[in-house]
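K.L.:
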Amino acid sequence: GVHCTHGFNRTGFLICAFLVQKMDWSIEAAVATFSQARSPGIYKADYIKELFQRYGDVEDTPPPPELPDWCFEDDDEVDDEGNGITQEAEPGSSGTTLHRKRKERLKLGAIFLEGMAVKNVSQLTTQPKLGEIQRKCQQFTSWEGSGFPGAQPVSMDKNNLKFLEQKSYKVSWKADGTRYMMLIDGKNEVYMIDRDNSVFHVYKLEFPFRKDLRVHLTNTLLDGEMVIDKVKGQAVPRYLIYDIIKFNGQPVGDCDFNIRLACIEKEIIFPRHEKMKMGHIDKTQEPFSVRNKPFFDIHAARK
């Protein structure tokens, strides 16, 4: 058991540090969960600030909660033996330097696809599963930092127009969509990752292996965007895939873009259609449809 004089500040500090270091929680989630479990939580600003200095970004440090009615500011200035605590006993002043492990920020209440309620999709907030999904996506893209690991768009201007002459670029229509990466890691293990690095668990969406439709794809990472199409007056959510980074553990992201587009068509879209023809996938039960986004030779672009 862990318990200090009142069971809030030093107790909360140790429990939050444990959740971050051993259970792979974000410091935001650890502090918030402790405050819910033992209200009002850590109420001394120095303890909260130290936690965010060690395990997050000090600029994200939340203000301390209001002191409970029974608490006086100096109540916690004694140790468990009743002795006064000196300045040396404050968090972070022991002289021992801890390795600061950067954690992903957790955005609670993240919404999947603004403007439409999508069935069978829910935000994943529990650890260690959340951290495992985030790290796998970062590893698949060779991303060494924290946050969303997807490539960032570059605006076209006069300075980079010359690059169009140096490589065989392709063009596509601009959709008013929302960017998501998709991790396919087994049956009932499909996840969408947004640009805030929030993770959403997607249920009832299958991706069979082309060579054996009874087997589900794993270790597959896609990139694309969610759009809302209008079909006969009804709003229909769709995921448009425009790139693939990993396919069943193979680093196809290193291949030519034409090969990647062919891989999406052959290995992601085609097997799903085959199972639909067999009656083994019911599109009406899926949370959204999945399509490959078409690309064209650059000469198809309007000048």
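Residue 193 in the UniProt record's numbering sits at position 193 of the sequence shown; the count goes up by one each step and never skips.
Think of the CB as a built atom: it goes at the ideal place given N, C-alpha and C, for glycine as much as any other residue.
#1: Report yes or no: do three or more beta-carbon pairs, one from the stretch 18 to 34 and one from the stretch 46 to 58, lie closer than 8 Å?
#2: What distance in whole Å lies between the Cβ atoms of Leu-217 and Val-227, which are believed to be in contact at a cut-off of 8 Å?
#3: Suppose you measure from the CA of Tyr-47 to the CA of Asp-243; what does that come to, to the nearest Å?
#4: Could you say which of Glu-132, Gly-150, Asp-229 lies nearest to Ala-175 if we only look at CA atoms?
#5: Nearest-angstrom Cα distance between Phe-257 and His-273?
#6: Need the endpoints of the beta strand (DSSP E) that His-273 sits in, please.
#7: Please give me, in chain order, every unbroken run of the beta strand (DSSP E) with length at least 3 that falls completely inside the stretch 10 to 57.
#8: Cα separation between Lys-162 and Ser-168?
#9: By the 10 Å Cβ neighbour count, where 16 or more other Cβ atoms means buried, how is Asp-196 classified, buried or exposed?
#10: Quick check: the Cα distance between Glu-265 and Pro-65, rounded to an integer number of angstroms?
#11: Pick helix, strand or coil for Asp-282, following the three-state DSSP scheme.
#12: The ligand NAD and Arg-38: does any heavy atom of the ligand fall closer than 7 Å to the residue's C-beta?
#13: Near Leu-222, what residues of its chain come up, given a Cβ to Cβ distance below 6 Å and the 5 sequence neighbours on each side ignored?
#14: Helix, strand or coil for His-299 per DSSP?
#15: To the nearest angstrom, report how far apart Asp-24 and Phe-13 are at their CA atoms.
#16: If I measure Cβ to Cβ from Leu-19 and keep anything under 7 Å in the same chain, skipping five residues before and after, which residues do I get?
P.N.:
For this structure:
#1: yes
#2: That pair is no contact at about 23 Å.
#3: Within the model, the alpha-carbon separation for Tyr-47 versus Asp-243 is close to 44 Å.
#4: Per the Cα distances, Asp-229.
#5: If you take the alpha carbons of Phe-257 and His-273, they lie about 23 Å apart.
#6: Annotation: His-273 is outside any beta strand (DSSP E); the continuous alpha helix (DSSP H) that includes it extends over 270 to 277.
#7: none
#8: 12 Å
#9: exposed
#10: 53 Å
#11: coil
#12: The ligand NAD is not part of this structure, which contains no ligands at all.
#13: Met-182, Ile-241, Ile-244
#14: helix
#15: 15 Å
#16: Trp-25, Ala-30
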